[in-house]
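Line by line, the protein sequences are chains A and B. For what it's worth, numbering that gives the first Met the number 0 labels the leading residue of the first sequence as 0, then goes sequentially. For what it's worth, numbering that gives the first Met the number 0 labels the leading residue of the second sequence as 0, then goes sequentially. Cβ atoms here follow ideal geometry from the backbone N, Cα and C, with glycine treated the same way.
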Amino acid sequence: MTFDAYDTWWWPYLFVLVAGWLASDIWRFIGVAIGGRLDEKSEGLVLARAVATALVAAVIGKLIVFPSGAVAETSLLVRIAAAAFGFGAYLASGKRVIAGIVVSEAILLTSMQLA
Amino acid sequence: MTGARDSESEDGEPHSAAQWWLRGVGAAVSLPGLLLMSASVGYAALSRESGISLALTLFMMNFIWALPAQVVLIGAMLSGASLPAAAIAVSLSSVRLMPMVVAIVPEMRVPATRNWVLYFLSHFVAVTSWVVSMQRFHEVPRGRRTAYYLGIALALLTGANIVIAGVYLAAAQLPQAVAAGLFFLMPMYFLTSLWGSAREHASLFAMVFGLVLGPVFHLIIPGIDLLAAGLVGGIGAYLLHRHTSPGGVKEGRAP
Numbered sequence: 000m001t002f003d004a005y006d007t008w009w010w011p012y013l014f015v016l017v018a019g020w021l022a023s024d025i026w027r028f029i030g031v032a033i034g035g036r037l038d039e040k041s042e043g044l045v046l047a048r049a050v051a052t053a054l055v056a057a058v059i060g061k062l063i064v065f066p067s068g069a070v071a072e073t074s075l076l077v078r079i080a081a082a083a084f085g086f087g088a089y090l091a092s093g094k095r096v097i098a099g100i101v102v103s104e105a106i107l108l109t110s111m112q113l114a
Numbered sequence: 000m001t002g003a004r005d006s007e008s009e010d011g012e013p014h015s016a017a018q019w020w021l022r023g024v025g026a027a028v029s030l031p032g033l034l035l036m037s038a039s040v041g042y043a044a045l046s047r048e049s050g051i052s053l054a055l056t057l058f059m060m061n062f063i064w065a066l067p068a069q070v071v072l073i074g075a076m077l078s079g080a081s082l083p084a085a086a087i088a089v090s091l092s093s094v095r096l097m098p099m100v101v102a103i104v105p106e107m108r109v110p111a112t113r114n115w116v117l118y119f120l121s122h123f124v125a126v127t128s129w130v131v132s133m134q135r136f137h138e139v140p141r142g143r144r145t146a147y148y149l150g151i152a153l154a155l156l157t158g159a160n161i162v163i164a165g166v167y168l169a170a171a172q173l174p175q176a177v178a179a180g181l182f183f184l185m186p187m188y189f190l191t192s193l194w195g196s197a198r199e200h201a202s203l204f205a206m207v208f209g210l211v212l213g214p215v216f217h218l219i220i221p222g223i224d225l226l227a228a229g230l231v232g233g234i235g236a237y238l239l240h241r242h243t244s245p246g247g248v249k250e251g252r253a254p
């Protein structure tokens, strides 16, 4: 039951509907059903945010270490350096996302030109 | 805010739902809206480089409408995760949508609001539309906020679809280096925005753990790597946070 398990046009869409749409909208629907207010500082929500953050961070880590497509031609060291210096620039600039993106892209593209 | 007249009043304030819908469309043209469009560029590049068709890329955008969930789903597809494992991973990344919906629904609900309208609109709740509407709702009569929100949501959705289709189709003509650069937008966008939106230390720890555990678990337990990294990293970060700061919540910026 993996994404490429069945060679039919509709399987990827069914996969996305169940693992993507239902898995996300279920929480939105529960939110409507609850109504009222939630305590944002409740321990359950702190834990839920931590798990969600770790999940997305895990994908980022995988995209940097095991990327697909053209960026896979670059070396791991270059990608880690691009991400690390980009993140450093983001912090140094007072949390400007654009600074992080510009610095990391500059490192990545420069190394590709030199290669 | 007085009558139910369907024309503009003397002071130029719109009254009809259609007029407020249009105002919502205008409100979507904003800094958060621009950020969403640039994130959509990265999403299109990531999806294309991952071998996903344009139709499915747009389908995911419209049906999931939460970029972190979409990125987690693509990650799960690539690591050969089974349908249940992928669904649980995406679902764990989307719990955060629930409190956002809980907060926005009372702002839009009036006694006459039908429940299906709220369920339908809740699908469009994600960071961008949530931020924009919560900033602007005070300018909108309570009874017109559902129409206004639909305007914001559909404008963002349409914009994102145009950007994604454009980038996806143009990417074939682009040099390798540009394609690589576009792919790298997504990790950088999330690396910075996750850190920026973290409300407590637990989330900062979780980010560091996830970054390391994702690639490590990919080598050891592909298929359930994301799920394991999310649960181990998230619960570990939460416990560390409990242990190091008994008070709990992060107080503004660290000194």
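Since residue i contacts residue j with CB under 8 Å, what's their CB separation in whole angstroms?
| i | j | result |
| --- | --- | --- |
| V124 (chain B) | R95 (chain A) | Rounded, the Cβ-Cβ distance is 26 Å, inconsistent with contact. |
| Y167 (chain B) | A43 (chain B) | 5 Å |
| P13 (chain B) | I59 (chain A) | P13 (chain B) to I59 (chain A), Cβ: 43 Å. No contact. |
| S103 (chain A) | F183 (chain B) | 6 Å |
For residue i and residue j, I'd like the C-alpha separation in whole angstroms.
| i | j | result |
| --- | --- | --- |
| G23 (chain B) | L76 (chain A) | 46 Å |
| F14 (chain A) | I63 (chain B) | 12 Å |
| A56 (chain A) | G209 (chain B) | 5 Å |
| A80 (chain B) | L173 (chain B) | 31 Å |
| L45 (chain B) | A47 (chain A) | 26 Å |
| A17 (chain B) | I103 (chain B) | 21 Å |
| M76 (chain B) | T1 (chain A) | 7 Å |
| P98 (chain B) | L21 (chain A) | 17 Å |
| G93 (chain A) | P110 (chain B) | 44 Å |
| I219 (chain B) | L37 (chain A) | 38 Å |
| L66 (chain B) | R95 (chain B) | 12 Å |
| I79 (chain A) | H122 (chain B) | 36 Å |
| R252 (chain B) | M206 (chain B) | Any reading at R252 (chain B) needs caution, since the residue's pLDDT is 42, under 50, leaving its predicted position unreliable; the model's value is listed next. Going from the Cα of R252 (chain B) to the Cα of M206 (chain B) covers about 17 Å. |
| A3 (chain B) | D6 (chain A) | Note that A3 (chain B) has pLDDT 46, beneath the 50 cutoff, so the model's placement of it is unreliable and no number is given. |
| T109 (chain A) | L239 (chain B) | 39 Å |
| P140 (chain B) | F189 (chain B) | 35 Å |
| E250 (chain B) | S41 (chain A) | Confidence is the limiting factor: at E250 (chain B) the pLDDT is only 45, short of 50, which leaves the residue's position unreliable and the question unanswerable from this model. |
| E199 (chain B) | V45 (chain A) | 8 Å |
| A88 (chain B) | M59 (chain B) | 15 Å |
| D5 (chain B) | L155 (chain B) | Caution is warranted here: a pLDDT of 46 is assigned to D5 (chain B), below 50, making its placement in the model unreliable, and no coordinate value can be reported. |
| S244 (chain B) | L193 (chain B) | 20 Å |
| A88 (chain A) | G195 (chain B) | 13 Å |
| A98 (chain A) | I33 (chain A) | 40 Å |
| P66 (chain A) | S37 (chain B) | 20 Å |
| I163 (chain B) | D3 (chain A) | 23 Å |
With DSSP as the reference, identify every bridge partner of residue i, one or two as the case may be.
| i | result |
| --- | --- |
| S81 (chain B) | A:T1 |
Name the residue from the options whose alpha carbon lies nearest to the alpha carbon of residue i.
| i | options | result |
| --- | --- | --- |
| L82 (chain B) | A:V17, A:D6 and A:T7 | A:V17 |
| R135 (chain B) | B:A178, B:A16, B:M59 and B:G25 | B:G25 |
| G85 (chain A) | A:F65, A:L107 and A:V64 | A:L107 |
| G213 (chain B) | A:K61, A:L37, A:Q112 and A:R78 | A:K61 |
| W9 (chain A) | B:A54, B:L33, B:V109 and B:W19 | B:A54 |
| S132 (chain B) | B:A27, B:L156, B:S93 and B:A85 | B:A27 |
| N61 (chain B) | B:G158, B:S202, B:A197 and B:A171 | B:G158 |
| W20 (chain B) | B:G233, B:G150 and B:F182 | B:G150 |
| G165 (chain B) | B:R241, B:L33, B:S39 and B:P13 | B:S39 |
| G232 (chain B) | B:A201, B:R241, B:I220 and B:T243 | B:A201 |
| A53 (chain A) | B:T127, B:F216, B:I51 and B:H242 | B:F216 |
| I51 (chain B) | A:Y12, A:A81 and A:S23 | A:Y12 |
| T112 (chain B) | B:A84, B:G142 and B:N160 | B:G142 |
| L90 (chain A) | B:Y118, B:E106, B:T191 and B:L184 | B:T191 |
| V101 (chain A) | B:A205, B:G180 and B:S196 | B:G180 |
| G19 (chain A) | B:G32, B:M36, B:L30 and B:I73 | B:I73 |
| E39 (chain A) | B:H242, B:A205, B:G222 and B:A197 | B:A197 |
| V280 (chain B) | A:G43, A:V64 and A:V31 | Not covered by the structure: residue 280 (chain B). The range shown for chain B is 0 to 254. |
| D224 (chain B) | B:A85, B:L239 and B:R47 | B:A85 |
| L34 (chain B) | B:H242, B:V126 and B:T243 | B:V126 |
| A105 (chain A) | B:A176, B:S90, B:H240 and B:Q69 | B:A176 |
| A170 (chain B) | B:S49, B:S90 and B:W129 | B:S49 |
| S15 (chain B) | B:I234, B:A152 and B:T145 | B:T145 |
Within 8 Å of chain A by C-beta, residues of the segment 179-194 of chain B in sequence order: So the list reads A179, G180, F182, F183, L184, M185, P186, M187, Y188, F189, L190, T191, S192, L193 and W194, given in the order they occur along the chain.
Compile a chain-ordered list of the residues in the segment 88-115 of chain B whose CB is closer than 9 Å to at least one CB of chain A. Taking 9 Å as the Cβ-Cβ cut-off against chain A, the residues of the segment 88-115 of chain B that qualify are A88, V89, S90, L91, S92, S93, V94, R95, L96, M97, P98, M99, V100, V101, A102, I103, V104, P105, R108 and N114.
Residues of the segment 5-24 of chain A with Cβ closer than 8 Å to any Cβ of chain B, in chain order: Identification of residues in the segment 5-24 of chain A having a C-beta nearer than 8 Å to some C-beta of chain B yields P11, Y12, F14, V15, L16, V17, A18, G19, W20, L21, A22, S23 and D24, given in sequence order.
Tell me which residues of the segment 79-95 of chain A have at least one Cβ-Cβ distance to chain B shorter than 9 Å, keeping chain order. Within the segment 79-95 of chain A, the residues whose Cβ lies closer than 9 Å to any Cβ of chain B are, in chain order, A81, A82, G85, F86, Y89, L90, K94 and R95.
Using a Cβ-Cβ cut-off of less than 9 Å, give me the residues of the segment 74-86 of chain B that come near chain A, in sequence order. Under the 9 Å Cβ criterion, the segment 74-86 of chain B contributes G74, A75, M76, L77, S78, G79, A80, S81, L82, P83, A84, A85 and A86.
Using a beta-carbon distance cut-off of less than 8 Å, what residues from the segment 191-220 of chain B approach chain A? Within the segment 191-220 of chain B, the qualifying residues are T191, S192, L193, W194, G195, A197, R198, E199, A201, S202, F204, A205, M206, V207, F208, G209, L210, V211, L212, G213, P214, F216 and H217.
With 9 Å as the C-beta to C-beta threshold (strictly closer), list the residues of the segment 52-69 of chain A near chain B in chain order. For the segment 52-69 of chain A, the set of residues with a beta-carbon nearer than 9 Å to any beta-carbon of chain B comprises T52, A53, L54, V55, A56, A57, V58, I59, G60, K61, L62, I63, V64, F65, P66, S67, G68 and A69, in chain order.
Short-range partners of chain B found in the segment 26-39 of chain A, where Cβ spacing is below 8 Å: Of all residues in the segment 26-39 of chain A, the ones placed with a Cβ closer than 8 Å to any Cβ belonging to chain B are W26, R27, F28, I29, G30, V31, I33, G34, G35, R36, L37 and E39, in chain order.
For the segment 118-132 of chain B, which residues have a beta carbon sitting closer than 7 Å to at least one beta carbon of chain A? Within the segment 118-132 of chain B, the residues whose Cβ lies closer than 7 Å to some Cβ of chain A are Y118, S121, H122 and V124, listed in chain order.
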